[in-house]
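To start, the structure itself, in C-alpha cells.
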C-alpha cells in the first residue's frame, strides 16, 4: 500500500534553532502533500499544502517565513520550523493523497519539543 | 464551508462493551466520508470509508453507514477491546476540495 515515511519521530531543540521534518512517499509519487499541526487533545489543523515544483499554499494565520515548506521532488516534502520557540512545540503530521483513490495516507508524525 | 461535528470525549468503556461515536457533517454536494484512528504517538490510519449514500464502511469490527438524510456517519463496534483505545477522527472531502476536513476527534479508552 501507499506509505509515507516521516522523520524524525521525535526531536528536541533549543529556542532559536531550526528543525527540519521530512516526509517521503515510499512507493508512489505525491504531487501534493499536506502538513498538519496537532495540539494536545485537539484535532488536526491544516497548516499548508505542498505542491511539487511550486510554492506551498499556506492556511490563514500560518506564518510562511516560520514554517518553510519545500517540495522539490515527487517523493519528498520538507517542513522547516525556523527560529523555533516553545510555543512551536507540537505534533506535526504530513499526509499525501493517493492518486486514483479517495483516500489519504499519513506519516507517523513528529513530536517537536522546543526548550 | 464544510464541517464535521463529533461527539466530545473522552469515552471510557469496559472491554466487550458496545461503542458508538457520533459524527454529523455539513458539506456541499455529496462528500466522501472517513473514519481515521490515531494510536498514541502515531499518525493517522484510515479505519473505514464510504463514498456514497447508504454505503457501509467496515473494518476490524468497526462499521459506519453513510446516512444522507441525517447527514451522519456514526462509528459503531459491537464489542470493543483494550487495543481499540485510541483517538478516532471523522472526516470528509467534498467537491473539488483537495484536503480532508476533520472533526475534533474522540478519545476512546477501553478498560480491561
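Residue numbers (the numbering used here), protein chains in the order written: chain A, 1 to 115; chain B, 1001 to 1112.
C-beta: ideal position from N, C-alpha, C; glycine also.
- Residue 104 of chain A belongs to the set of residues whose beta carbon lies under 8 Å from a beta carbon in chain B.
- When DSSP states are grouped into helix, strand and coil, residue 1015 of chain B belongs to the coil group.
- Of A/83, A/70, A/91, the smallest CA-CA separation from residue 53 of chain A is found for A/70.
- Here residue 87 of chain A carries a helix assignment [DSSP, helix/strand/coil].
- When secondary structure is reduced to three states using DSSP, residue 1094 of chain B falls in the coil class, being assigned neither helix nor strand.
- Rounded to the nearest whole angstrom, the C-alpha separation of residue 1038 of chain B and residue 87 of chain A is 23 Å.
- A direct Cα-Cα distance of roughly 44 Å separates residue 1068 of chain B from residue 82 of chain A.
- For residue 1014 of chain B, the nearest beta carbon of chain A is not closer than 8 Å to its own beta carbon.
- Within the stretch 1086-1106 of chain B, the residues whose Cβ lies closer than 8 Å to any Cβ of chain A are, in chain order, 1089, 1093, 1098, 1099, 1100, 1102, 1103, 1104, 1105.
- Counting only the Cα atoms, residue 92 of chain A lies some 12 Å from residue 48 of chain A.
- Distance between residue 1012 of chain B and residue 1044 of chain B, taken at the CA atoms: about 21 Å.
- Nearest CB-CB separation between residue 32 of chain A and chain B: below the 8 Å threshold.
- In the structure shown, residue 1082 of chain B falls within a helical segment according to DSSP collapsed to helix, strand and coil.
- Between residue 46 of chain A and residue 59 of chain A, the gap from beta carbon to beta carbon is short of 8 Å.
- Taking residue 1056 of chain B as reference, the option from B/1027, B/1073, B/1026, B/1042 with the minimal CA-CA separation is B/1073.
- Counting only the Cα atoms, residue 1050 of chain B lies some 7 Å from residue 1065 of chain B.
- In summary, residue 1087 of chain B is buried, with 16 or more beta-carbon neighbours lying within 10 Å of its beta-carbon over all protein chains present.
- Relative to residue 1077 of chain B, the option among B/1015, B/1008, B/1046, B/1041 whose CA is nearest is B/1015.
- When 8 Å is used as the limit between beta carbons, residue 1044 of chain B is near these residues of chain A: 44, 93, 95, 106, in chain order.
- Under the 10 Å beta carbon count, residue 1098 of chain B is surrounded by fewer than 16 other beta carbons and is classified as exposed.
- Comparing alpha-carbon positions, the option among B/1028, B/1083, B/1023, B/1105 lying closest to residue 1063 of chain B turns out to be B/1023.
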